[in-house]
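Read the structure below first, then the notes.
Next up, the structure:
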């Protein structure tokens, strides 16, 4: 039997909410404790840097606008992140051969192994969690996490509006 006491039985919405409210802080805490590789420690990188580097690692070199779309951030914010990582030498910005105005961002070769090792535990854990699921179940799981994130964002925005109105 699992720690939520519902192994093999149907879960009510309230039971699912309770279980996830207890589980998510532990998951987030463990994720935050993922050690930054020694080669990247001195740069004081945040989760947003890891997300940007993950896209570059998995999808290869990308333009700033493509990164912004994937990260769901405005291009100016992504440009700042890329500029910061570029100053550290972690990423490179090269001209797009097809459009010299565009810069293509990639992980600098000396840092590829460090980025891979930073992502390794998460990749392994997600593979173990997702492999037993059918493609439809994986889609439902990911869509559910996105819906949860959207609702949290909406609740935070509503709270900010209510606080500033007081």
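In full-length UniProt numbering, the protein residues as written are 1 to 166.
Every residue, glycine too, gets a C-beta built ideally from N, C-alpha and C.
What would DSSP say about residue 94, mapped onto helix, strand or coil? On the chain shown, position 94 is the one that residue 94 refers to. Reduced to three states, the DSSP call for residue 94 is strand.
Within 10 angstroms of its Cβ, does residue 118 collect 16 or more other Cβ (buried), or is it exposed? The residue given as residue 118 occupies position 118 in the chain shown. Residue burial annotation: residue 118 is buried, with at least 16 other C-beta atoms found within 10 angstroms of its C-beta.
Which residue's Cα is closest to the Cα of residue 96: 154, 62 and 76? Locating residue 96 in the chain shown gives position 96, where the first residue counts as 1. Selected option, being the one with the closest Cα: 62.
Please classify residue 11: does DSSP put it in a helix, a strand, or coil? The residue given as residue 11 occupies position 11 in the chain shown. Look at residue 11 here: in three-state DSSP terms it is coil, with no helix or strand label.
So, are the CB atoms of residue 68 and residue 91 less than 8 Å apart? Locating residue 68 in the chain shown gives position 68, counting from the first residue. Locating residue 91 in the chain shown gives position 91, counting from the first residue. No, the pair does not count as a contact, with Cβ atoms beyond the cut-off.
Could you tell me which residues DSSP puts in a beta bridge with residue 104? Position 104 of the chain shown holds residue 104. DSSP output for residue 104 lists 63 and 94 as bridge partner(s).
What is the rounded straight-line gap between the Cα of residue 102 and the Cα of residue 116? Position 102 of the chain shown, counted from the first residue, corresponds to residue 102. Position 116 of the chain shown, counted from the first residue, corresponds to residue 116. Each residue's Cα considered, the two are about 26 Å apart.
Would residue 80 be called buried (16 or more neighbouring beta carbons within 10 Å of its own) or exposed? Residue mapping note: residue 80 aligns to position 80 of the chain shown, counting from 1. Answer is exposed; the Cβ neighbour count stays below 16.
Taking C-beta to C-beta, are residue 122 and residue 34 nearer than 8 Å? One-based indexing of the chain shown puts residue 122 at position 122. One-based indexing of the chain shown puts residue 34 at position 34. Taking 8 Å as the Cβ cut-off, residue 122 and residue 34 qualify as a contacting pair.
From residue 137 to residue 76, what does the alpha carbon distance come to, in whole angstroms? The count along the chain shown starts at 1 and reaches residue 137 at position 137. The count along the chain shown starts at 1 and reaches residue 76 at position 76. Straight-line Cα distance between these residues: approximately 36 Å.
Taking residue 111 as the reference, give the member of 104, 134 and 85 with the closest Cα. Walking along the chain shown from the start, residue 111 turns up at place 111. Minimum Cα distance to residue 111 is reached at 85.
Name the two residues that bound the continuous alpha helix (DSSP H) containing residue 45. Here residue 45 corresponds to residue number 45 of the chain shown, with the count starting at 1. Per DSSP, residue 45 is not a residue of any alpha helix (DSSP H), being assigned neither H nor E.
Taking just the CA atoms, how far does residue 104 sit from residue 19? Against the chain shown, residue 19 aligns to sequence position 19. Against the chain shown, residue 104 aligns to sequence position 104. Rounded to whole angstroms, residue 19 and residue 104 show a C-alpha spacing of 43 Å.
Output the distance between the C-alpha atoms of residue 144 and residue 89, rounded to the nearest integer angstrom. Along the chain shown, one-based indexing puts residue 144 at 144. Along the chain shown, one-based indexing puts residue 89 at 89. A straight line joining the alpha-carbon of residue 144 with that of residue 89 spans about 37 Å.
Would you say residue 125 and residue 37 are within 8 Å of each other, going by their C-beta atoms? What you label residue 125 is simply residue 125 of the chain shown in a count that begins at 1. What you label residue 37 is simply residue 37 of the chain shown in a count that begins at 1. The answer is no: Cβ separation not under 8 Å.
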